[in-house]
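Below you'll find the structure, written out as structure tokens, and then a few comments.
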Amino acid sequence: MSTTTFDRTTRSAAPSSGSGLRETRLIIRREVLTRLGNRTILTATGLLALFAGAAAGIGGWFLVDSLGGAGAMSFDPRAIFATAMISALLASLVYSASSLTSGVVEEKSSRIVEILLTKIGIVPLLAGKMIGIGLVTLVQLLAIGGTAVVGFSVVGGWSLINVAVGPSLLWFLLWFLLGYVIFAALNTTLASTVSRQEDLGTAVMPLSVLQMVLLVVSLYVLPMNLGNPWLEGLSFVPLFSSYLMPMRFALEDVSTWEMVLAAGISVAAIPALFWLATVIYRNNALRTGSRVTLQQSLTSDETA
4 MSTTTFDRTT RSAAPSSGSG LRETRLIIRR EVLTRLGNRT ILTATGLLAL FAGAAAGIGG
64 WFLVDSLGGA GAMSFDPRAI FATAMISALL ASLVYSASSL TSGVVEEKSS RIVEILLTKI
124 GIVPLLAGKM IGIGLVTLVQ LLAIGGTAVV GFSVVGGWSL INVAVGPSLL WFLLWFLLGY
184 VIFAALNTTL ASTVSRQEDL GTAVMPLSVL QMVLLVVSLY VLPMNLGNPW LEGLSFVPLF
244 SSYLMPMRFA LEDVSTWEMV LAAGISVAAI PALFWLATVI YRNNALRTGS RVTLQQSLTS
304 DETA
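Numbers 4 to 307, taken from the working numbering, label the letters of the sequence shown in order.
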């Protein structure tokens, strides 16, 4: 199939709102069923949930026993809570990003994307993939995190942490969802520039490095510099806010309007990032071989 014919077909098959929603649901269903049918994923999730519950119970018992004894603890239980949230966020985002990007490259390398895009629009395809993988990751996060919460509750660990646990967990889920969508859009953008799995690591490395930097800043730099205006400003920036705001919320008094404003800025950035992902994905759909630069990706394949 020629590029011109391919582009003409996909443009003429641009879905209406009704068909677009139907196609999106089909892709969501495909992604969810593919992962639910994978016994390795189900087994790993179950084992991680058991481990998380046991670790939280043992760790909570240690905290309760230490605070109940004569000696004072040398660390802040709130910092442990915040660290657990940030670590869970990083693990979830890295796992979901790996699943999403490998799927994008696999479809390109096997040429399945050509068939998909002649029947399904790019927007439903990408939206369905992101939502489907995000739903599975969210369920895994709730399963693993839920057992950890139960294990920590059994030993009375929440009584030691001077934070609003309910609101903290709800905000954490919100920051996970916002962080997932933003990083998913960016990872899809970078993954679409390659057509071989061996090139994928290099393509998404900038985001991987950024996430490690955010982890270091949120776990080590921010707790030692609470109230720093630069760090507070960064906590309102999409990408940064998903890591910095949960830590600020756990360690210091953060106004509700600050959390709402930071979340609102991230929500406002999502359409632009998703549009960028669709443009670059469309332009790179038929490109194979060596990695394509982002500058080249902004031009369609027929004019490259």
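Ideal placement from N, C-alpha and C gives every residue a C-beta, glycine not left out.
Bear in mind that the values here come from a model prediction, so they are computed numbers and not experimental data.
Tell me where the alpha helix (DSSP H) around residue i begins and ends.
i       : result
Thr-281 : 259 to 287
Thr-205 : 200 to 219
Trp-161 : From DSSP, Trp-161 is part of no alpha helix (DSSP H); its letter is neither H nor E.
Ser-1   : Lying before the first or after the last residue shown, residue 1 is absent from the chain, which here runs from 4 to 307.
Leu-234 : 232 to 237
So, are the CB atoms of residue i and residue j less than 7 Å apart?
i       : j       : result
Arg-81  : Ala-253 : yes
Ala-291 : Ser-195 : The amino acid occupying residue 291 in the given sequence is Thr; Ala does not appear at that position. Contact: no.
Ala-272 : Pro-241 : yes
Leu-103 : Ala-187 : yes
Val-139 : Leu-203 : no
Gly-63  : Phe-155 : yes
Leu-237 : Phe-243 : yes
Ser-221 : Ile-89  : yes
Ala-55  : Ala-151 : yes
Ile-147 : Ala-59  : no
Leu-66  : Leu-163 : yes
Ile-125 : Arg-285 : yes
Ser-258 : Ile-283 : no
Val-116 : Ala-288 : yes
Glu-255 : Leu-229 : yes
Tyr-183 : Gly-137 : yes
Taking 6 Å as the cut-off, is the beta-carbon of residue i closer than that to any non-hydrogen atom of the ligand SAM?
i       : result
Val-220 : Ligands are entirely absent from the displayed structure, and the ligand SAM is therefore not among its contents.
7 Å is my cut-off, CB to CB: does residue i come that close to chain C?
i      : result
Ala-52 : Given the protein chain composition of this structure (a single chain), no chain C is represented.
Return the Cβ separation of residue i and residue j in integer angstroms, given the expectation that the two are a contact with Cβ distance under 8 Å.
i       : j       : result
Leu-279 : Thr-192 : 6 Å
Ser-99  : Ile-185 : That belief does not hold up - the Cβ atoms of Ser-99 and Ile-185 are roughly 12 Å apart, past 8 Å.
Glu-325 : Gly-135 : The chain is shown only over 4 to 307; residue 325 falls outside these bounds and no answer can be derived.
Leu-93  : Leu-218 : 6 Å
Ala-91  : Leu-144 : 7 Å
Asn-190 : Leu-210 : 6 Å
Val-97  : Gln-200 : Not a contact, Cβ separation roughly 17 Å.
Ala-206 : Arg-294 : 6 Å
What residue ranges within the segment 85 to 155 form continuous alpha helix (DSSP H) runs of no fewer than 4 residues, ordered along the chain? Here the runs fully enclosed are 115 to 122.
My parser needs the alpha helix (DSSP H) runs of 4 or more residues fully inside the segment 169 to 195; what are they? The segment 169 to 195 contains no complete alpha helix (DSSP H) run of 4 or more residues.
Cβ pair count under 8 Å reaching 3, the segment 27 to 41 against the segment 113 to 131: Here the segment 27 to 41 makes contact with the segment 113 to 131; the two share three or more CB pairs at distances below 8 Å.
Mind pulling the alpha helix (DSSP H) runs of 4 or more residues that sit fully within the segment 19 to 74? Entirely contained in the segment 19 to 74, the alpha helix (DSSP H) runs reaching 4 residues are, in chain order, 20 to 39, 42 to 71.
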